[in-house]
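Chemist:
Numbering (mature numbering (1 follows the signal peptide of the UniProt record, and there is no 0)), first residue to last: -21 to -1, 1 to 335.
Shown next, in the form of structure tokens:
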């Protein structure tokens, strides 16, 4: 799932063209349809435990309830979608990915049918519906820490990430995507109000990182973050919440704080010319409905993206949506439009800064 994908999908959740709520409210039923429906729908995801959870929560139940055959494929890539559409040989009906693919006016995607999908449910959520994409689930980058180092006095939020006097030791930081989230956290720790973060002052944020430059260990794969923190080579790091939970359950000396978690979201979209567009919309409606969207937490610690859905099951208490703090510790939700327009420049600046 998210923990093994390439850069474009690591930023899924979060980078995009302008958000829109142009899709109005749909029927809202989330019904799979009467048994006996015909056809089949192919779902393309990232494979691994994430796709296994998606299958158990949504794909298999939809198939059983609707009578529509559900076929799975992976790994999904934007390049493959482009090739399929351009060659007019599309085999995927639904693809999973980030909003950075462009979910507004993308000629390679179908528009979401909001008479079928309950688009209006998302109006007051942290992630809105795009004209061509519907939020799937919420995951987050959290401040993880080594419990052997700080078990009795753990860091509370990213202000502590920058406080090496109180919390000495190395910090693990993702160096692949322009320090997204960390730049916002640095500015907030320096007193910039949330509503004044954008346009993001990258140069100022990097200056704020200068005092801890020698304390940073840069990683390029999500697994490295867990290894660095749990081994104690880094005392804290910005890791994915699902991986922290897994490592913690395995008995590794790692935990996380939920203060200023960096909220991320995956989306569902339909390639242009999908073989079974009608059933694709039905499956998206089923997954996105208030009745079903929270079922993902039965199998993996991701939260429902539909704000009207209720998380249930084994991992409900470990989902990011169960730990939405207030005030300065509230989740950091990045400005997708800004990052979509400025990602390349941010990567150039952070790469140059790291090279020092």
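C-beta: ideal position from N, C-alpha, C; glycine also.
Tell me which residue opens and which closes the beta strand (DSSP E) that residue 215 is part of.
Modeler: It spans 215 to 219 - the beta strand (DSSP E) in which residue 215 sits, taken as one unbroken run.
Chemist: Between 20, 244, 110 and 240, which lies nearest to residue 306 when the distance is taken from Cα to Cα?
Modeler: Of the candidates 20, 244, 110 and 240, the one whose C-alpha sits nearest the C-alpha of residue 306 is 240.
Chemist: Less than 7 Å separating the beta-carbons of residue 53 and residue 75?
Modeler: The answer is no: Cβ separation not under 7 Å.
Chemist: Please give the ranges of any alpha helix (DSSP H) in the region 15 to 75, keeping only runs that are unbroken, at least 4 residues long and fully inside the region.
Modeler: Listed in chain order, the complete alpha helix (DSSP H) runs (minimum 4 residues) inside the region 15 to 75 are 27 to 33, 39 to 45 and 57 to 65.
Chemist: If you pair each beta-carbon of the region 218 to 225 with each one of the region 130 to 139, do three or more pairs fall below 8 Å?
Modeler: Cβ pair count under 8 Å is below three, so no.
Chemist: What are the start and end residues of each continuous beta strand (DSSP E) run of 3 or more residues lying completely inside the region 160 to 224, in chain order?
Modeler: Here the runs fully enclosed are 195 to 198 and 215 to 219.
Chemist: Are the region 311 to 324 and the region 163 to 180 touching, with three or more C-beta to C-beta distances below 8 Å?
Modeler: With a cut-off of 8 Å, the region 163 to 180 and the region 311 to 324 count as touching, because enough Cβ pairs lie within range.
Chemist: Could you check where the alpha helix (DSSP H) with residue 137 kicks off and where it finishes?
Modeler: Run containing residue 137: 137 to 140, per the alpha helix (DSSP H) assignment.
Chemist: To the nearest angstrom, how far is it from the Cα of residue 228 to the Cα of residue 125?
Modeler: One C-alpha to the other measures close to 14 Å.
Chemist: Do residue 35 and residue 246 have their CB atoms nearer than 7 Å?
Modeler: Cβ distance not < 7 Å, so residue 35 and residue 246 don't count as in contact.
Chemist: I need the DSSP call for residue 231, collapsed to helix, strand or coil.
Modeler: The answer is coil: DSSP assigns residue 231 none of H, G, I, E or B.
Chemist: Would you mind listing the alpha helix (DSSP H) stretches within the region 240 to 313 that are 4+ residues and don't spill past its ends, in chain order?
Modeler: As far as the region 240 to 313 is concerned, its whole alpha helix (DSSP H) runs of at least 4 residues are 256 to 267.
Chemist: Looking only at DSSP bridge pairs, what is residue 146 linked to?
Modeler: Beta-bridge pairing links residue 146 to no other residue.
Chemist: In whole angstroms, what separates the C-alpha of residue 268 from that of residue 122?
Modeler: Residue 268 and residue 122: Cα-Cα distance of roughly 31 Å.
Chemist: So, residue 251 versus residue 64, is the Cβ gap smaller than 7 Å?
Modeler: Yes, they are a contact pair.
Chemist: Can you give the Cα-Cα distance for residue 258 and residue 298, rounded to whole angstroms?
Modeler: Going by the C-alpha atoms only, they are around 29 Å apart.
Chemist: Going by DSSP, what residue range makes up the beta strand (DSSP E) through residue 123?
Modeler: 113 to 125 is the span of the beta strand (DSSP E), which, as asked, contains residue 123.
Chemist: Can the beta-carbon of residue 282 be found closer than 7 Å to that of residue 293?
Modeler: Not closer than 7 Å, so no.
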